[in-house]
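Student:
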Amino acid sequence: MINGQTKLLNQLTENDWSIYDGVRGATLSSSILLYLFIAFFVIVIGYEFSQHTYKSTLVSGASRLSFVLSKYVVMLIDILAAMVWYFAVTLVTGMLAGRTLGSTIGQLANFTGTSLFVITFFISVVFSLAIIVLIATKSLVIAAVFVVVWPVGLSIVRLVTAWHWLIYLDFFNAATGISLRTLSLNDAWRSVTVSLVLLIVSIVASSMIMRKQEL
Numbered sequence: 018m019i020n021g022q023t024k025l026l027n028q029l030t031e032n033d034w035s036i037y038d039g040v041r042g043a044t045l046s047s048s049i050l051l052y053l054f055i056a057f058f059v060i061v062i063g064y065e066f067s068q069h070t071y072k073s074t075l076v077s078g079a080s081r082l083s084f085v086l087s088k089y090v091v092m093l094i095d096i097l098a099a100m101v102w103y104f105a106v107t108l109v110t111g112m113l114a115g116r117t118l119g120s121t122i123g124q125l126a127n128f129t130g131t132s133l134f135v136i137t138f139f140i141s142v143v144f145s146l147a148i149i150v151l152i153a154t155k156s157l158v159i160a161a162v163f164v165v166v167w168p169v170g171l172s173i174v175r176l177v178t179a180w181h182w183l184i185y186l187d188f189f190n191a192a193t194g195i196s197l198r199t200l201s202l203n204d205a206w207r208s209v210t211v212s213l214v215l216l217i218v219s220i221v222a223s224s225m226i227m228r229k230q231e232l
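If you're matching positions, the sequence shown starts at 18 in this note's numbering and goes up one per residue.
1. Are the region 128-140 and the region 60-72 in contact at 8 Å, needing three or more beta carbon pairs?
2. List, from N- to C-terminal side, the beta strand (DSSP E) runs of 3 residues or more that fit wholly inside the region 105-150.
3. Is it buried or exposed, TRP102, if we count other Cβ atoms within 10 angstroms and call 16 or more buried?
4. Evaluate the contact criterion for the region 110-119 versus the region 36-50: three or more CB pairs, one atom per stretch, below 8 Å.
5. Counting Cβ pairs closer than 8 Å, one from the region 137-147 and one from the region 74-83, do we hit at least three?
6. Give me the Cβ distance between SER172 and LEU93, rounded to the nearest whole Å; I'm assuming they're in contact under 8 Å.
7. Distance, Cα to Cα, GLY42 vs ILE152?
8. Label ASN127 either buried or exposed according to how many other C-beta atoms from any shown protein chain fall within 10 Å of its C-beta, with 16 as the threshold for buried.
9. Which term fits GLY194, buried or exposed, when burial requires 16 or more other beta carbons within 10 angstroms of its beta carbon?
10. Are ALA222 and SER208 touching if we call contact CB-CB under 8 Å?
11. Does SER47 pass the burial test, meaning 16 or more other C-beta atoms within 10 Å, or should it be called exposed?
12. Using 8 Å as the threshold, is the C-beta distance between LEU50 and ALA98 below it?
13. Keeping to the same chain, check which residues put their C-beta closer than 6 Å to that of PHE189; ignore five residues upstream and five downstream.
14. Check each candidate in VAL164, SER196, ARG198, PHE66 and name the one with the smallest Cα separation from MET227.
15. Can you list, in chain order, the residues of its chain with a C-beta nearer than 8 Å to that of ILE159? Leave out the 5 residues immediately preceding and following it.
16. Give me the Cα-Cα distance between VAL180 and THR70, rounded to the nearest whole angstrom.
17. Locate the alpha helix (DSSP H) running through GLN68, then write down its first and last residues.
18. Hey, THR129 and VAL40 are a contact pair by Cβ (cut 8 Å); roughly how many whole angstroms apart?
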């Protein structure tokens, strides 16, 4: 998968870009948006925990599960909205630069839509894990550091150990690999399955940890 993405990157640097190439380049670069989404994470849930205002919501009768789920959904919507703007700017920039389409309109729309939703989903899984870290440690700093360290640390471990199964936890490479079709079909489905399981476990585990914590 890494070799496939490297080959694509070399192709993009050697040729004049079309609008389609611009979207592919944006897909490869989308992981940089993680740092922007940390700000969303702080606003959506981090601030409540740092100020302990989340306790008022729980005391008012909201269940822990509904609280965690609602925070995840808000994060998901925020990430999706940001990704829409990201790809919209990429498309508009390509048009204003006078670039050729590089594909049919249908192919461009299909690729852009696939990249949009796949990247949004996998990034949201990272933040679902960050939510459980935040709730367990009650530290916004630790949760934010986790978001940054997870992809970097995982990539380093993969390079050192060459353990193939780690690709199922490497959400950013999985997202770009599925979007750019550099990931095999079997690995793609396994990555999606593992991510869905982790997402469900994170939300349920977060609510269980909150239930055991004193209000």
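Glycine residues also receive a C-beta, built at the ideal position from the N, C-alpha and C atoms.
Tutor: Let me lay it out:
1. Verdict: no, contact absent.
2. Runs of the beta strand (DSSP E) inside the region 105-150: none found.
3. As a working mapping, residue 102 is identified with position 85 in the sequence shown. By the neighbour-count rule (16 or more Cβ atoms within 10 Å), TRP102 is not buried but exposed.
4. With the cut-off at 8 Å, the region 110-119 and the region 36-50 touch.
5. When Cβ pairs closer than 8 Å are counted between the two stretches, the region 137-147 is seen not to touch the region 74-83, the count staying below three.
6. What you label residue 172 is simply residue 155 of the sequence shown in a count that begins at 1. What you label residue 93 is simply residue 76 of the sequence shown in a count that begins at 1. No, SER172 and LEU93 are not in contact; Cβ-Cβ is about 24 Å, not under 8 Å.
7. Within the sequence shown, residue 42 is the residue found at index 25, counting from 1. Within the sequence shown, residue 152 is the residue found at index 135, counting from 1. Answer to the nearest angstrom: the Cα atoms are 36 Å apart.
8. To locate residue 127, count along the sequence shown from 1; it is residue 110. Per the 10 Å Cβ criterion, exposed.
9. As a first step, residue 194 is located in the sequence shown; it is residue number 177 there, counting from the start. That one is buried.
10. Working through the sequence shown from its first residue, we reach residue 222 at position 205. Working through the sequence shown from its first residue, we reach residue 208 at position 191. In this structure, SER208 does not lie closer than 8 Å to ALA222 by Cβ.
11. If you number the sequence shown from 1, residue 47 lands on position 30. The residue in question, SER47, is buried, as its Cβ has 16 or more Cβ neighbours within 10 Å.
12. Translated into positions along the sequence shown, residue 50 becomes position 33. Translated into positions along the sequence shown, residue 98 becomes position 81. No, the pair does not count as a contact, with Cβ atoms beyond the cut-off.
13. As a working mapping, residue 189 is identified with position 172 in the sequence shown. Excluding the 5 residues flanking it on each side, PHE189 has same chain C-beta neighbours closer than 6 Å at SER48, PRO168, in chain order.
14. The sequence position of residue 227 within the sequence shown is 210, counting from 1. Taking only the C-alpha atoms, the option nearest MET227 is PHE66.
15. Along the sequence shown, one-based indexing puts residue 159 at 142. Here the set comprises VAL150, LEU151.
16. Taking the first residue of the sequence shown as 1, we reach residue 180 at position 163. Taking the first residue of the sequence shown as 1, we reach residue 70 at position 53. Here the sequence assigns Trp to residue 180, which means Val is not the residue at that position. Distance from the CA atom of TRP180 to the CA atom of THR70, rounded to whole angstroms, is 42 Å.
17. As a working note, residue 68 is residue 51 in the sequence shown. Taken as a continuous stretch (DSSP letters only), the alpha helix (DSSP H) holding GLN68 covers 64-68.
18. The residue you call residue 129 lines up with position 112 of the sequence shown. The residue you call residue 40 lines up with position 23 of the sequence shown. Yes, THR129 and VAL40 are in contact; Cβ-Cβ is about 5 Å, under 8 Å.
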